[in-house]
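A short worksheet on the structure shown next.
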Amino acid sequence: AQKVTQAQTEISVVEKEDVTLDCVYETRDTTYYLFWYKQPPSGELVFLIRRNSFDEQNEISGRYSWNFQKSTSSFNFTITASQVVDSAVYFCALSRDDKIIFGKGTRLHILP
Amino acid sequence: SAVISQKPSRDICQRGTSLTIQCQVDSQVTMMFWYRQQPGQSLTLIATANQGSEATYESGFVIDKFPISRPNLTFSTLTVSNMSPEDSSIYLCSVPTPQGSWYGYTFGSGTRLTVV
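Heads up: the sequence lines are chains W and P, in that order.
Using my numbering, read the first sequence as starting at 1 and increasing by one per residue.
Using my numbering, read the second sequence as starting at 1001 and increasing by one per residue.
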């Protein structure tokens, strides 16, 4: 069975602090894809990143970075120098064969 | 990537009534997905809508409660039937969209449904 666990339900940090959102996944597949989505208060889902199971190279995009560790089945997301606009719910997700399974999400509050 | 127009954006409905949600995609797609997001919860896949065949429902969701139409490759509707307050959720459609050499998923803006 496939499963995505985001153990952190809610996190609050002060602006400019760094914050890491954890994601652990379970799958028996050898080929799969991992995603992070952002859901701001307006409700839409914003795609952040996709990673396939064969590419363990970490990625940095501006203040965002992702650490994929296949050995621990983790795909963690770090925001550096957080800003108030980063306040949102962040979902980690796993897909195979066109179906995407979401974790429960982490609600991130960035305090001014 | 694809652009999805989802309507209505929100609605308040009386219990026992039905609401039909529409998703229009600006390109042809084979699969469309319908999700439900209950208050404070994650997204749960309701069904996969394929053009020309019956929708495939996930465990816990049935066609009588959530009938789906897929008349062509750019359009789909989800109906929430005989609504109760427990159906109050955000409903989203999604399509896989090419992102260069791979596929991502684009989501509609969601329909925020409140049943009173």
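Heads up, the beta-carbon is just placed ideally off N, CA and C, and yes, glycines get one too.
Values in this document were obtained by computation on a predicted structure and should not be read as measured data.
Classification of L111/W by the beta-carbon crowding that lies within 10 angstroms, buried from 16 upward = As a first step, residue 111/W is located in the first sequence; it is residue number 111 there, counting from the start. Label assigned to L111/W: exposed.
Classify A80/W as helix, strand or coil using the three-state DSSP reduction.
-> Within the first sequence, numbered from 1, the residue matching residue 80/W stands at position 80. Before going further, note that residue 80/W is Thr rather than Ala in the sequence given. Coil.
F102/W versus chain P: which residues are under 7 Å apart at the beta carbon?
-> Your numbering for residue 102/W matches position 102 in the first sequence. Chain P residues near F102/W: S1042 and L1043.
Who are the neighbours of K38/W on chain P, taking C-beta pairs under 9 Å?
-> Position 38 of the first sequence holds residue 38/W. Neighbours of K38/W on chain P: none; closest Cβ ~11 Å, over 9 Å.
Using CA coordinates, which residue listed in D1011/P, T1079/P and V1115/P is at the minimum distance from A1049/P?
-> If you number the second sequence from 1, residue 1049/P lands on position 49. The candidate whose alpha carbon is nearest that of A1049/P is T1079/P.
With a Cβ-Cβ cutoff of 8 Å, do G43/W and S1001/P count as a contact?
-> Position 43 of the first sequence, counted from the first residue, corresponds to residue 43/W. Position 1 of the second sequence, counted from the first residue, corresponds to residue 1001/P. Their beta carbons are not under 8 Å apart, which means G43/W does not touch S1001/P by this criterion.
Mapping DSSP to helix, strand and coil, what is V1080/P?
-> Residue numbering aside, residue 1080/P sits at position 80 when the second sequence is read from its first letter. In this structure, V1080/P counts as strand in the three-state DSSP scheme.
If we ignore side chains and look at the alpha-carbon of each, how far apart do Q39/W and E1054/P end up?
-> Taking the first sequence and counting its residues from 1, one reaches residue 39/W at position 39. Taking the second sequence and counting its residues from 1, one reaches residue 1054/P at position 54. Q39/W and E1054/P: Cα-Cα distance of roughly 30 Å.
D55/W: contacting residues in chain P (beta-carbon distance under 7 Å) = Residue 55/W sits at position 55 when you count from the first residue of the first sequence. In chain order: nothing, as chain P lies at least about 10 Å away.
Could you give the residue range of the beta strand (DSSP E) that holds Q1006/P?
-> Here residue 1006/P is taken as the residue at index 6 of the second sequence, counted from 1. Taken as a continuous stretch (DSSP letters only), the beta strand (DSSP E) holding Q1006/P covers I1004 to K1007.
Would you mind telling me which residues of chain W sit closer than 8 Å to M1031/P, beta carbon to beta carbon, in chain order?
-> If you number the second sequence from 1, residue 1031/P lands on position 31. Those are D98, listed as they occur along chain W.
So what does Q1051/P bridge to, in DSSP terms?
-> What you label residue 1051/P is simply residue 51 of the second sequence in a count that begins at 1. Partner(s): none; Q1051/P has no beta bridge.
Determine the direct distance from the alpha carbon of K70/W to that of E56/W, and round the result to whole angstroms.
-> Here residue 56/W is taken as the residue at index 56 of the first sequence, counted from 1. Here residue 70/W is taken as the residue at index 70 of the first sequence, counted from 1. Whole-angstrom Cα-Cα distance: 7 Å.
Between Y32/W and A93/W, which are expected to be in contact by the criterion C-beta below 8 Å, what is the C-beta distance as a whole number of angstroms?
-> Position 32 of the first sequence, counting from 1, holds the residue named residue 32/W. Position 93 of the first sequence, counting from 1, holds the residue named residue 93/W. Actually they are not in contact, since the Cβ atoms of Y32/W and A93/W sit about 11 Å apart, beyond 8 Å.
Cα-Cα separation, D1011/P to V1062/P = The residue given as residue 1011/P occupies position 11 in the second sequence. The residue given as residue 1062/P occupies position 62 in the second sequence. About 22 Å.
Taking the CB atoms as reference points, tell me whether S1084/P and V1115/P lie closer together than 8 Å.
-> Residue numbering aside, residue 1084/P sits at position 84 when the second sequence is read from its first letter. Residue numbering aside, residue 1115/P sits at position 115 when the second sequence is read from its first letter. Contact: yes.
Local conformation of T1097/P per DSSP, three classes = In the second sequence, the residue the question calls residue 1097/P occupies position 97. Strand.
Return yes when the C-beta of R107/W is under 7 Å from any heavy atom of the ligand NAD, and no when it is not.
-> The ligand NAD is absent from the structure shown, which contains no ligands of any kind.
Quick one, which residues of the stretch 1074–1093 of chain P are near chain W if we go by CB-CB under 9 Å, in chain order?
-> I1090 and L1092
Should L45/W be flagged as near chain P, meaning a C-beta pair shorter than 8 Å?
-> The residue given as residue 45/W occupies position 45 in the first sequence. Taking Cβ atoms only, chain P reaches closer than 8 Å to L45/W, which makes this a yes.
Of the choices T78/W, T106/W, D18/W and E26/W, whose alpha-carbon is the least far from that of A1/W?
-> Taking the first residue of the first sequence as position 1, residue 1/W is located at position 1. Of the listed residues, the one whose Cα sits closest to A1/W is E26/W.
Residues in the stretch 81–93 of chain W with C-beta within 7 Å of chain P's C-beta atoms, listed in sequence order?
-> F91
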